[in-house]
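One structure below.
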Amino acid sequence: MREFSDEELERYSRHIILQDVGIEGQEKIANSKVLVIGAGGLGSPVALYLAAAGVGEIGIVDGDVVDLSNLQRQVIHTTADVNVPKVLSAKAKMEAINPNVKVTVYQKFLDASNILDIVKGYDFVIDGTDNFSSKFLINDACVLANVPYSHGGILRFGGQTMTVKPKESACYACVFDSPPPANAIPTCSSAGILGAVAGMLGTIQAAEALKYIVGVGEPLYNRLLTFDAKTMNFRNVNFKKNPKCRVCGEHGIKEIKDYEAVVCEAKL
Amino acid sequence: MKLTINGESKEIKDGISLPELLVIENVEQPDMVSVQLNDEFVRQDEHKGITLKENDSINFLYFMGGGA
Ligand SMILES: [Zn+2]
Chain A
14 MREFSDEELE RYSRHIILQD VGIEGQEKIA NSKVLVIGAG GLGSPVALYL
64 AAAGVGEIGI VDGDVVDLSN LQRQVIHTTA DVNVPKVLSA KAKMEAINPN
114 VKVTVYQKFL DASNILDIVK GYDFVIDGTD NFSSKFLIND ACVLANVPYS
164 HGGILRFGGQ TMTVKPKESA CYACVFDSPP PANAIPTCSS AGILGAVAGM
214 LGTIQAAEAL KYIVGVGEPL YNRLLTFDAK TMNFRNVNFK KNPKCRVCGE
264 HGIKEIKDYE AVVCEAKL
Chain B
-6 MKLTINGESK EIKDGISLPE LLVIENVEQP DMVSVQLNDE FVRQDEHKGI
44 TLKENDSINF LYFMGGGA
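Line order of the protein sequences matches chains A and B.
So the first sequence is numbered by this note's numbering: it starts at 14 and just counts up by one.
So the second sequence is numbered by this note's numbering: it starts at -6 and just counts up by one.
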């Protein structure tokens, strides 16, 4: 059990007075370790909110540097951070918000050779990547390592997210099977993204991580939440774990392999 | 016949196949959409053989690869 200082009790008071969180819930948050993959449009709000919430250890992965065109939505980075590695820029803001949080940076892109070792050390993973080879690789790694995670995808005015508890709930491949062919699907850089939509989806992912850690409510298991910010219609599509799933089914994957880079801008 | 498409009830002519419905509903890139029929996912290579029936519920789920 962890003793909170007076500073922490004051800082987290709005969590602690929440009936479903309380001091026990805040202790769970302080003892948790969350990995945020991608310090971009989704990773920015997730990392900011998880740091503010007092998640004990946050890992952040990204091999890129901040680009001017990122600043329209990647709210953890500022104009002064252009050309700075994203993980370092993100770590500085997270520590400025909450010095109680331990931030571990991985200034690299994940692939089959390193992802399992990194993911294994965490209680929950956030997919904030921007290409299908990464999204499927994260799904595979989390299923193999048995680590729950939040899938997130955004495009133009829309977003989709689901939370995966390996072995218990449907995984990303239960729904979409395998990556689409190269350049078949428009990307944010080719088709655009409303900056605030990244914030909408990222904050949903952060809330899912905190719900999972505290053990409150109903995570987005076995359902895909999709929204269209143009109409502000939100919809849940329900499904079950597919027993024949290529990844998590009876004859699912046994080892991790890289997917072909399927997007022209794929970096992972 | 009545079908529920993406959560909305719609009147669609009787006896159409799944690929025909994808055309009627203006689904872009039909080979890139994940189709769910009455809670089960339909594999791409099985689309052709499926004829829709009264009260079927169909969801179209689209790939979204952005995040950065
Ligand atoms: Zn699966």
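Heads up, the beta-carbon is just placed ideally off N, CA and C, and yes, glycines get one too.
Residue 40 (chain B) by DSSP, collapsed to three states: which one?
Taken through DSSP and simplified to helix, strand or coil, residue 40 (chain B) comes out as helix.
Does the CB of residue 265 (chain A) have a neighbour CB from chain B at under 8 angstroms?
Not an interface residue.
With DSSP collapsed to three states, give me the class of residue 276 (chain A).
Here the model assigns residue 276 (chain A) a pLDDT of 47, short of 50, so the residue's position is not dependable, and the following value carries that caveat. DSSP places residue 276 (chain A) in coil when its eight states are reduced to three.
Enumerate in chain order the residues of its own chain whose CB-to-CB distance from residue 111 (chain A) is below 7 angstroms, with the five nearest sequence positions on each side excluded.
For residue 111 (chain A), where only same-chain residues beyond five positions count, the Cβ hits under 7 angstroms are 64, 65 and 67.
So residue 0 (chain B) is in the alpha helix (DSSP H); what residue range does that whole segment cover?
DSSP places residue 0 (chain B) outside any alpha helix (DSSP H), giving it a letter other than H or E.
Using a beta-carbon distance below 8 angstroms, is residue 81 (chain A) in contact with chain B?
Any Cβ of chain B closer than 8 angstroms to the Cβ of residue 81 (chain A) would place that residue at the interface, and such an atom is absent.
For residue 33 (chain A), is the classification buried or exposed, using 16 other Cβ atoms within 10 angstroms of its Cβ as the cut-off for buried?
Counting Cβ neighbours within 10 Å, residue 33 (chain A) comes out exposed, since fewer than 16 surround it.
Chain B within 8 angstroms of residue 206 (chain A), Cβ atoms only:
So, interface residue.
Where DSSP assigns a beta bridge to residue 17 (chain A), which residues make up the other side?
The partner list for residue 17 (chain A) (beta bridge, DSSP) is empty, contrary to what the question assumes.
So, is residue 40 (chain A) buried or exposed, given that buried needs 16 or more other C-beta atoms within 10 angstroms?
Its Cβ being crowded by 16 or more others within 10 Å, residue 40 (chain A) is buried.
Extent of the continuous alpha helix (DSSP H) run through residue 56 (chain B)
According to the DSSP assignment, residue 56 (chain B) belongs to no alpha helix (DSSP H), since it is labelled neither H nor E.
Just to confirm, are residue 29 (chain B) and residue 240 (chain A) a CB contact at a threshold of 8 angstroms?
Cβ distance not < 8 angstroms, so residue 29 (chain B) and residue 240 (chain A) don't count as in contact.
Proximal residues of chain B, C-beta to C-beta of residue 29 (chain A) below 9 angstroms:
Within 9 angstroms Cβ-Cβ: nothing; residue 29 (chain A) doesn't reach chain B, min ~32 angstroms.
Give the range of the beta strand (DSSP E) segment to which residue 251 (chain A) is assigned.
Where residue 251 (chain A) is concerned, the enclosing beta strand (DSSP E) stretches over 246 to 251.
May I ask you to check if the CB of residue 255 (chain A) is nearer than 7 angstroms to at least one heavy atom of ligand 1?
For residue 255 (chain A), the shortest C-beta to heavy atom distance toward ligand 1 is below 7 angstroms.
Comparing the C-beta of residue 50 (chain B) with each C-beta of chain A, is any distance below 8 angstroms?
Chain A contact via Cβ: absent.
Could you tell me if the beta carbon of residue 211 (chain A) falls within a distance shorter than 7 angstroms of some heavy atom in ligand 1?
No - ligand 1 has no heavy atom lying nearer than 7 angstroms to the Cβ of residue 211 (chain A).
Continuous alpha helix (DSSP H) assignments of at least 4 residues falling wholly in the stretch 67 to 152 of chain A
Listed in chain order, the complete alpha helix (DSSP H) runs (minimum 4 residues) inside the stretch 67 to 152 of chain A are 99 to 110 and 128 to 133.
Which first and last residues belong to the alpha helix (DSSP H) in which residue 6 (chain A) is found?
Residue numbering for chain A in the displayed model covers 14 to 281; residue 6 (chain A) lies beyond these limits and cannot be assessed.
Contact with chain B by residue 248 (chain A), beta-carbon distance below 8 angstroms:
Yes - at least one Cβ of chain B is within 8 angstroms of the one on residue 248 (chain A).
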